[in-house]
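Trainee: My structure is below; once you've seen it, I'll send some questions.
2 protein chains.
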Amino acid sequence: MLKTHFITGGAGFIGSNLVDRLLSDEQRVVVYDNFSTGLECFLQQALANPNFKLYKADLLDVETLNQAVNGVDMVWHLAANADVRFGLEHPRKDLEQNTIVTHNVLEAMRVNNVKKIAFSSTGSIYGEPSIHPTPENAPFPIQTSLYGASKLACEALIQAYCEGFGFQGYIFRFVSVLGERYTHGHVFDFCRKLIDNPNELHVLGNGRQRKSYMYVQDCLDAMLLAVKQCNGKVNVFNLGVDDYIEVNDSITVITKRLEVSPKLKYSGEERGWIGDSPFIWLDTSLIRSIGWLPKVRILDGVAKTLEWLLSNKWVFAERF
Amino acid sequence: MLKTHFITGGAGFIGSNLVDRLLSDEQRVVVYDNFSTGLECFLQQALANPNFKLYKADLLDVETLNQAVNGVDMVWHLAANADVRFGLEHPRKDLEQNTIVTHNVLEAMRVNNVKKIAFSSTGSIYGEPSIHPTPENAPFPIQTSLYGASKLACEALIQAYCEGFGFQGYIFRFVSVLGERYTHGHVFDFCRKLIDNPNELHVLGNGRQRKSYMYVQDCLDAMLLAVKQCNGKVNVFNLGVDDYIEVNDSITVITKRLEVSPKLKYSGEERGWIGDSPFIWLDTSLIRSIGWLPKVRILDGVAKTLEWLLSNKWVFAERF
Numbered sequence: 040m041l042k043t044h045f046i047t048g049g050a051g052f053i054g055s056n057l058v059d060r061l062l063s064d065e066q067r068v069v070v071y072d073n074f075s076t077g078l079e080c081f082l083q084q085a086l087a088n089p090n091f092k093l094y095k096a097d098l099l100d101v102e103t104l105n106q107a108v109n110g111v112d113m114v115w116h117l118a119a120n121a122d123v124r125f126g127l128e129h130p131r132k133d134l135e136q137n138t139i140v141t142h143n144v145l146e147a148m149r150v151n152n153v154k155k156i157a158f159s160s161t162g163s164i165y166g167e168p169s170i171h172p173t174p175e176n177a178p179f180p181i182q183t184s185l186y187g188a189s190k191l192a193c194e195a196l197i198q199a200y201c202e203g204f205g206f207q208g209y210i211f212r213f214v215s216v217l218g219e220r221y222t223h224g225h226v227f228d229f230c231r232k233l234i235d236n237p238n239e240l241h242v243l244g245n246g247r248q249r250k251s252y253m254y255v256q257d258c259l260d261a262m263l264l265a266v267k268q269c270n271g272k273v274n275v276f277n278l279g280v281d282d283y284i285e286v287n288d289s290i291t292v293i294t295k296r297l298e299v300s301p302k303l304k305y306s307g308e309e310r311g312w313i314g315d316s317p318f319i320w321l322d323t324s325l326i327r328s329i330g331w332l333p334k335v336r337i338l339d340g341v342a343k344t345l346e347w348l349l350s351n352k353w354v355f356a357e358r359f
Numbered sequence: 040m041l042k043t044h045f046i047t048g049g050a051g052f053i054g055s056n057l058v059d060r061l062l063s064d065e066q067r068v069v070v071y072d073n074f075s076t077g078l079e080c081f082l083q084q085a086l087a088n089p090n091f092k093l094y095k096a097d098l099l100d101v102e103t104l105n106q107a108v109n110g111v112d113m114v115w116h117l118a119a120n121a122d123v124r125f126g127l128e129h130p131r132k133d134l135e136q137n138t139i140v141t142h143n144v145l146e147a148m149r150v151n152n153v154k155k156i157a158f159s160s161t162g163s164i165y166g167e168p169s170i171h172p173t174p175e176n177a178p179f180p181i182q183t184s185l186y187g188a189s190k191l192a193c194e195a196l197i198q199a200y201c202e203g204f205g206f207q208g209y210i211f212r213f214v215s216v217l218g219e220r221y222t223h224g225h226v227f228d229f230c231r232k233l234i235d236n237p238n239e240l241h242v243l244g245n246g247r248q249r250k251s252y253m254y255v256q257d258c259l260d261a262m263l264l265a266v267k268q269c270n271g272k273v274n275v276f277n278l279g280v281d282d283y284i285e286v287n288d289s290i291t292v293i294t295k296r297l298e299v300s301p302k303l304k305y306s307g308e309e310r311g312w313i314g315d316s317p318f319i320w321l322d323t324s325l326i327r328s329i330g331w332l333p334k335v336r337i338l339d340g341v342a343k344t345l346e347w348l349l350s351n352k353w354v355f356a357e358r359f
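Sequences listed follow chains P and Y, in order. Plus 39 on top of the position in the first sequence (first one is 1) and you've got the numbering used here. Plus 39 on top of the position in the second sequence (first one is 1) and you've got the numbering used here.
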């Protein structure tokens, strides 16, 4: 059935990939993006499609938002301040761009009688978990970053709207996602730095931080499947792959592909920065139980990402 | 040692009782309250004390807040929209009065280099828990009310400031509190209704909702002890009593004391209202392990509250 999907942050990395998937499935798509980090070129294909509509606007602009949500069938709320690392430099940003904006999206839905929302949360909300891999019903966590705290606040708001206003919510707790149009994170940073200076690489932390990365198309498969299959009031899913790598492993793949042999300089701490979780690895049995399997392994995902970055070096000049 | 305590919501029920306790312990106290539900008469004693200072101001007024926090030693952040039941009628209120205001308090502390905060959270953040009594590390809950969602957002913000800015946080998850100066909740509502009309009492829900109530002085004992004894970065404690009663039990005590025999009319549902948890009972082993014991049992607490309400019937005419 033809439906209209409203995608916040639809000009971003994951958002624009979702736009293309939905349009190729002959759905109607409305993107709402303030282009603070989104890029219009990611929507090049979409803009030529009659089933596509674009709002260049901010989610703090409640009036435009309320108009834009009118008549849509479901919301994919992917817009966020994804700048986890520098949260401490601007403590209001996560509150405003994540928590308050999510409230605005939910209110726009309520006013327009739109009741289905999918939301990109994060494995960071488990803080520094005591259980690895970490399941969705892990012990009540303690937050360690303003980013995680704000995403938890968003999850909680969505859940309360599900209970209070009959919404249906799909909450996806991601590990890091990479792939085509990836524009921030370890692989991006290392790649940019090494193109800039192939002789030396400064690494935050001791390089032993363990991270899990998921390929963007696998991530989309999981979200689309869950929304199709699950009919609960609040549906919470971890999304990630079965294993993890160390930051050092990424560095090996990247330096090999770039054919450089930089001197590695580690800042040395266990954590890359304050609030960085030294070990994110999620238990994904729940999403697997409904039939999802990631197709791309971590190092293959890193390799695909590198190919895209090297074919699109202009992204390194963009301000994110 | 003489310290200066900054108490938000210090003209309210729990806040004003804390003010009196700290002043009688010869501490300095600064109260910041917008008197939206607080009452100046609760501060009558305090206002005569040279160690007491009062700001009549709103926590959304960041400039006044930043000035007021200057020079204090610790913050007791008790101000909140405590109107759990009507959250759905004004969905922005919890966001603004709880989440955003807590952000403002934390920022005022950061700017003024004040690093210790105690916070009144709630057992509502466990939603409808699977474990009774519910421990602090219960499985990651799903929120069922905007009030609970906003308190969780506050907890998360405090935790992130502890990790990111070296704060020390004391988070207290209360059951319902009652006692002298109690001005909202079941006992208050029933009492007011029965004085108004002794022949009939409308009860939300089926009367079988199980609730735990804690006496306000026991609550203060617990908070003061935890702040004194515990030196962790983030200290989370459930506060409550060892047992629970049904709403019907409260009704029996109240009608007996008022010497009335109303016809009881139940709305009939398992929950009193959307988002009402039919069973709040917290595991308090953690706070007991540091030496706290509640002195007043639930029904004695209800009785003390009734005596205070009947000696201060003017509160029923106040707008809360």
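Glycine included, C-beta positions come from ideal geometry on N, C-alpha and C.
Between arginine 249 (chain Y) and tyrosine 221 (chain Y), which are expected to be in contact by the criterion C-beta below 8 Å, what is the C-beta distance as a whole number of angstroms?
Mentor: Taking the second sequence and counting its residues from 1, one reaches residue 249 (chain Y) at position 210. Taking the second sequence and counting its residues from 1, one reaches residue 221 (chain Y) at position 182. The pair is not a contact, with the Cβ atoms about 20 Å apart (cut-off 8 Å).
Trainee: Using alpha carbons as the reference points, say which of P:Ile53, P:Phe227 and P:Gln84 lies closest to leucine 37 (chain P).
Mentor: Past the edges of chain P, shown from 40 to 359, lies residue 37 (chain P), and the structure says nothing about it.
Trainee: Which residue from Y:Lys42, Y:Ser306, Y:Arg247 and Y:Arg327 puts its Cα closest to that of isoleucine 319 (chain Y)?
Mentor: Position 280 of the second sequence, counted from the start, is the residue given in the question as residue 319 (chain Y). The shortest Cα separation from isoleucine 319 (chain Y) among Y:Lys42, Y:Ser306, Y:Arg247 and Y:Arg327 belongs to Y:Arg247.
Trainee: Would the stretch 42 to 52 of chain Y count as touching the stretch 72 to 82 of chain Y if we require 3 or more Cβ pairs under 8 Å?
Mentor: When Cβ pairs closer than 8 Å are counted between the two stretches, the stretch 42 to 52 of chain Y is seen to touch the stretch 72 to 82 of chain Y, the count reaching three or more.
Trainee: Helix, strand or coil for valine 108 (chain P), going by three-state DSSP, please let me know.
Mentor: For the purposes of this step, residue 108 (chain P) is taken as residue 69 along the first sequence, with counting starting at 1. Valine 108 (chain P): helix per DSSP, three-state reduction.
Trainee: Quick check on aspartate 133 (chain P): buried or exposed, where buried means 16 or more other Cβ atoms within 10 Å of its Cβ?
Mentor: Translated into positions along the first sequence, residue 133 (chain P) becomes position 94. Buried, since its Cβ has 16 or more Cβ neighbours within 10 Å.
Trainee: Could you check if glycine 279 (chain Y) is buried or exposed, using at least 16 other CB atoms within 10 Å of its CB as the buried criterion?
Mentor: On the second sequence, residue 279 (chain Y) is found 240 positions in, with the first residue counted as 1. It is buried - the Cβ of glycine 279 (chain Y) has at least 16 other Cβ atoms within 10 Å.
Trainee: Can you give me the start and stop residues for the beta strand (DSSP E) that glycine 203 (chain P) sits inside?
Mentor: Here residue 203 (chain P) refers to the residue found at position 164 of the first sequence. Unbroken run through glycine 203 (chain P) is the alpha helix (DSSP H), 185 to 204; no beta strand (DSSP E).
Trainee: Would you kindly work out how many angstroms separate the C-alpha atoms of asparagine 109 (chain Y) and glycine 307 (chain Y), rounded to a whole number?
Mentor: Taking the first residue of the second sequence as position 1, residue 109 (chain Y) is located at position 70. Taking the first residue of the second sequence as position 1, residue 307 (chain Y) is located at position 268. If I take the Cα positions, the gap works out to 51 Å.
Trainee: Please work out which residues of its chain come closer than 6 Å, Cβ to Cβ, to leucine 191 (chain P), disregarding the five sequence neighbours upstream and downstream, and give them in chain order.
Mentor: Taking the first residue of the first sequence as 1, we reach residue 191 (chain P) at position 152. Result list for leucine 191 (chain P): Ile164, in chain order.
Trainee: Skipping 5 residues on each side, what residues in its chain have a beta carbon closer than 7 Å to that of threonine 344 (chain Y)?
Mentor: Counting from 1 along the second sequence, the entry for residue 344 (chain Y) is found at position 305. Only Leu217, Gly218, Tyr221 and Val226 meet the Cβ criterion.
Trainee: Would the stretch 140 to 155 of chain Y count as touching the stretch 93 to 107 of chain Y if we require 3 or more Cβ pairs under 8 Å?
Mentor: Short answer: they touch.
Trainee: Which of the three DSSP states is assigned to lysine 272 (chain Y) in this structure?
Mentor: As a first step, residue 272 (chain Y) must be located in the second sequence, where it is residue number 233. Of the three classes helix, strand and coil, the one that applies to lysine 272 (chain Y) here is coil, per DSSP.
Trainee: Spatial neighbours of proline 301 (chain P) within its chain, please: C-beta separation below 8 Å, excluding the five flanking residues on both sides.
Mentor: Against the first sequence, residue 301 (chain P) aligns to sequence position 262. Excluding positions up to five away in sequence, the list reads Leu233, Asn236, Pro237, Asn238, Glu239, Leu240 and Thr294.
Trainee: Once DSSP output is grouped into helix, strand and coil, what is the label at asparagine 277 (chain Y)?
Mentor: Within the second sequence, the letter at position 238 stands for residue 277 (chain Y). Of the three classes helix, strand and coil, the one that applies to asparagine 277 (chain Y) here is strand, per DSSP.
Trainee: Leaving out the 5 sequence neighbours to the left and right, which residues in its chain are closer than 7 Å to tryptophan 312 (chain P) when beta-carbon positions are compared?
Mentor: As a position in the first sequence, residue 312 (chain P) is number 273, starting the count at 1. Excluding residues up to 5 positions away in sequence, Arg124 and Leu243 lie with their Cβ nearer than 7 Å to the Cβ of tryptophan 312 (chain P) in the same chain.
Trainee: Apart from the five residues just before and just after glutamine 66 (chain Y), which ones in its own chain have a Cβ nearer than 8 Å to its Cβ?
Mentor: The residue labelled residue 66 (chain Y) in the question sits at position 27 within the second sequence. Contacts found: Leu41, Lys42, Thr43, His44 and Asn90.
Trainee: Indicate whether at least one CB of chain Y lies closer than 8 Å to the CB of glutamine 182 (chain P).
Mentor: Start at 1 with the first residue of the first sequence, and residue 182 (chain P) comes out as number 143. By this cut-off, glutamine 182 (chain P) is an interface position.
Trainee: Determine, using beta carbons only, whether glycine 279 (chain P) comes closer than 8 Å to chain Y.
Mentor: For the purposes of this step, residue 279 (chain P) is identified with residue 240 of the first sequence, where counting begins at 1. Judged by the 8 Å Cβ criterion, glycine 279 (chain P) is not in contact with chain Y.
Trainee: Could you list which residues in chain P have their beta carbon closer than 8 Å to that of proline 178 (chain Y), in chain order?
Mentor: Position 139 of the second sequence holds residue 178 (chain Y). Asn176, Ala177, Pro178 and Phe179, listed in chain order.
Trainee: Chain Y beta carbons: is any one of them nearer than 8 Å to that of histidine 142 (chain P)?
Mentor: Counting from 1 along the first sequence, the entry for residue 142 (chain P) is found at position 103. Closer than 8 Å to some Cβ of chain Y, the Cβ of histidine 142 (chain P) qualifies, so yes.
Trainee: Using a threshold of 8 Å, state whether the C-beta atoms of glycine 166 (chain Y) and glutamine 182 (chain Y) are closer than that.
Mentor: Stepping through the second sequence from its first residue, residue 166 (chain Y) is reached at position 127. Stepping through the second sequence from its first residue, residue 182 (chain Y) is reached at position 143. In contact: glycine 166 (chain Y) and glutamine 182 (chain Y) (Cβ atoms closer than 8 Å).
Trainee: Judging by CA-CA distance, which residue of P:Phe276, P:Ile329 and P:Gly340 is the nearest neighbour of glutamine 256 (chain P)?
Mentor: For this step, residue 256 (chain P) is matched to residue 217 along the first sequence. Closest option to glutamine 256 (chain P), Cα to Cα, is P:Gly340.
Trainee: Just checking, does the stretch 314 to 332 of chain Y make contact with the stretch 192 to 205 of chain Y on the three C-beta pairs under 8 Å criterion?
Mentor: Taking a cut-off of 8 Å for Cβ pairs, the stretch 314 to 332 of chain Y and the stretch 192 to 205 of chain Y do not touch, as fewer than three such pairs fall below it.
Trainee: Using a Cβ-Cβ distance under 8 Å, would glycine 314 (chain P) count as near chain Y?
Mentor: The residue you call residue 314 (chain P) lines up with position 275 of the first sequence. Yes, glycine 314 (chain P) lies at the interface with chain Y (some Cβ there is under 8 Å from its Cβ).
Trainee: When you compare the CB of valine 273 (chain Y) with every CB in chain P, is at least one pair closer than 8 Å?
Mentor: Reading the second sequence from its first residue, position 234 is the one you call residue 273 (chain Y). True, the Cβ-Cβ gap to chain P drops below 8 Å.
Trainee: If the cut is a Cβ gap below 8 Å, which residues of chain Y does leucine 191 (chain P) touch?
Mentor: Reading the first sequence from its first residue, position 152 is the one you call residue 191 (chain P). Ordered by position in chain Y, the residues that pass the 8 Å Cβ test against leucine 191 (chain P) are Leu191, Ala192 and Ala195.
Trainee: Give the C-beta separation of tyrosine 209 (chain P) and alanine 157 (chain P) to the nearest angstrom, bearing in mind that I take them to be a contact with Cβ-Cβ under 8 Å.
Mentor: Within the first sequence, the letter at position 170 stands for residue 209 (chain P). Within the first sequence, the letter at position 118 stands for residue 157 (chain P). Confirmed, Cβ separation roughly 4 Å.
Trainee: Who are the near neighbours of alanine 342 (chain P) in its chain, counting only those whose CB is closer than 8 Å to its CB and skipping five residues on each side?
Mentor: Taking the first residue of the first sequence as 1, we reach residue 342 (chain P) at position 303. So the list reads Val292 and Arg296, once near-sequence residues are dropped.
Trainee: Which chain P residues sit within Cβ distance under 8 Å of glutamine 198 (chain Y)?
Mentor: Here residue 198 (chain Y) refers to the residue found at position 159 when the second sequence is read from its first residue. Those are Gly166, Ile181, Gln182, Thr183 and Ala188, listed as they occur along chain P.
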